[in-house]
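If you're matching positions, the sequence shown starts at 0 in numbering that gives the first Met the number 0 and goes up one per residue. Report on one structure; see the data block that follows.
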Amino acid sequence: MAVYSQADADALHVEMADEAVCIGPPSAAQSYLKLDRIISAAEVTDADAIHPGYGFLAENPHFAEVCEQCGIAFIGPPAASIRQMGDKAAARRTAEAEGVPVLPGSPHPVRDLDDAKRLGRDIGYPLIIKASAGGGGKGMRVVAHSDDLEPSLATAAAEAAAAFGDASVYLERYLADPRHVEIQILMDGEGNGVHLGERDCSIQRRHQKLLEESPSPALTDARRQTMGQAAVRVAKAAGYRNAGTVEFLLDPRGDFYFMEMNTRIQVEHPVTETVTGLDLVKAQLRIAAGEPLRLTQADVRFSGHSLECRINAEDPERLLPAPGLLTGLRLPGGPGVRVDTHVYAGYRVPSFYDSLLAKVIVHAPTRDESIACMRRALEEMRVEGVKTTIPVHQRILRHPDFLAGRTSTQFLARLLAER
Ligand code: MV4
């Protein structure tokens, strides 16, 4: 059973679902973010459970609570885990208490300017101010020098108050050009947990990921194991259940630091599905139904290399949304190619939500073969009527630094500035 807004009446999932319920007008505030409309849709169709997807209410602890109160299983973690990890300062303390490395930082939210100055002296500069209620890059400020602390603190707190209704911020030593490496975990209701390896998501801009891969060219098997065990410890400490992701920053020496935990399935999960051979959404459903994990860490095997390119309806020069009528579409195929999409020729890309059109995922024995396969797949692919990110991917897939595995969170900004 699917729910949809008026803007999504023509999306493929609505046609494919056995039943579909319209939950309101295009604006997300009046449809996908309205808890009561979603609960009503579940009740009229007699749904046992709700999968929240990866946006909107997926990390809303109140929604998880309301589902449980209505006797509907929330296909995700307990509300308390979402709440604990949603408080980024609390999440940091959880990791630290588990002996998981964190960057030097404030053990509590900043109390006042004097407190911040003291903390700044201990932590050292550059440092970063982060919103306790933040995440995903919102409400952050880098402070290069102690002279800039006072004004930056004021702006960061004001931004956090405006964005999250919570002005609380904390400080951390700033890592200049890290990699973003995240670990996928699965936990059942009996405290059994496994990690499914990492995804390297360094290729992003303005906190929007564009290309993800697994394994990361920057990890050794030993480091993967250490990070994986650290991720499972954090999840256990949060009383976690279901699928989740623990994000780390990786410095050029290969040292890793806990950043935050995403308490949902993520857009890039197919990268992990292809290298592990596991269906993560199926695992989510089984766990939510109360089944134990029938998987131990020794059962998790990694094979080959996987890449995902996000095909967005965006201007490839500036990476700004470019909605419109999709007049023609040719999807790639062949060995090792998977396409996840809700679009088809004749579909109008609405301007109300994010611009993701399709995910192209490839899986091959080695990184080089995976890159070759992705290049071929994207050459095969045609999207007519709207601009897409395909040309940016073609540039990334030919860039000498990318080919050598030398990427970081600054890579894409540099590439886009190159011409
Ligand atoms: C950092 C950092 C450097 N040092 N924290 C961005 C998203 C949010 N989850 C935290 N983020 C960062 N935190 C410290 N102490 C750099 C970033 C960051 C970043 C992280 C992952 C991927 C892309 C990024 C782009 C800019 C900044």
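Virtual Cβ for every residue (Gly too), placed ideally from N, Cα, C. Note that the coordinates shown come from a computational prediction; the quantities given were computed from them, not determined experimentally.
- Between Ala416 and Glu379, the alpha-carbon positions lie close to 27 Å from each other.
- Ranked by how close their Cα comes to the Cα of Gly85, the residues Arg263, Leu185, Gln207, Gly227 have Arg263 in first place.
- About 26 Å separates the beta carbon of Arg204 from that of Leu32, a gap too long to meet the 8 Å contact definition.
- Here Ser354 carries a coil assignment [DSSP, helix/strand/coil].
- In the three-state DSSP reduction, Phe401 falls in the helix class (H, G or I).
- The beta carbon of Ala160 sits closer than 7 Å to the beta carbons of Ala166 from its chain, once the five residues preceding and following it are set aside; these are given in chain order.
- Across the set Phe55, Tyr53, Ile49, Glu58, the C-alpha of Ile49 shows the shortest separation from the C-alpha of Gln68.
- When rounded, the separation of the alpha-carbon atoms in Thr326 and Thr340 is 16 Å.
- Between the beta-carbon of Gly119 and that of Ser145 there is about 6 Å, and that keeps the pair under the 8 Å contact cut.
- In this structure, the alpha-carbon of Ser39 lies about 29 Å from that of Ala132.
- Sorting Glu149, Arg285, Gly135 by C-alpha distance to the C-alpha of Asp47 places Arg285 at the top.
- Between Arg117 and Ser407, the beta carbon gap of about 31 Å keeps them out of contact (Cβ cut-off 8 Å).
- Here Cys69 carries a coil assignment [DSSP, helix/strand/coil].
- Within the stretch 211–243, the runs of alpha helix (DSSP H) that reach at least 4 residues and sit entirely inside it are, in chain order, 220–236.
- Look at the beta carbons and you see the stretch 60–74 not touching the stretch 217–226: under three pairs across the two are nearer than 8 Å.
- When only Cα atoms are considered, Lys358 and Glu158 end up about 32 Å apart.
- The way I'd put it, the stretch 311–328 does touch the stretch 377–392; three or more beta-carbon pairs between them come closer than 8 Å.
- Per DSSP, Ala371 is not a residue of any beta strand (DSSP E); the alpha helix (DSSP H) it occupies stretches across 366–379.
- Taking the Cα positions, Ala288 is about 10 Å away from Asp187.
- Here the distance from the Cβ of Thr408 to the nearest heavy atom of the ligand MV4 is below 7 Å.
- Asn311 is bridged by DSSP to Leu355.
- Judged by the Cβ position, Gln203 qualifies as a neighbour of the ligand MV4 at the 7 Å threshold, a heavy atom of the ligand being closer than this.
- Gly196 sits in a strand when the DSSP states are folded into three classes.
- Here the stretch 302–315 lies against the stretch 388–406, with 3 or more beta-carbon pairs under 8 Å apart.
- Taking a cut-off of 8 Å for Cβ pairs, the stretch 333–352 and the stretch 234–249 do not touch, as fewer than three such pairs fall below it.
- DSSP places Gln83 in no beta strand (DSSP E) but in the uninterrupted alpha helix (DSSP H) bounded by 78–85.
- For the pair Ala57 and Ile74, the Cα-to-Cα distance works out to about 9 Å.
- Here Phe257 carries a strand assignment [DSSP, helix/strand/coil].
- Boundaries of the beta strand (DSSP E) around Met186: 178–186.
- DSSP lists Gly327 as the bridge partner or partners of Glu383.
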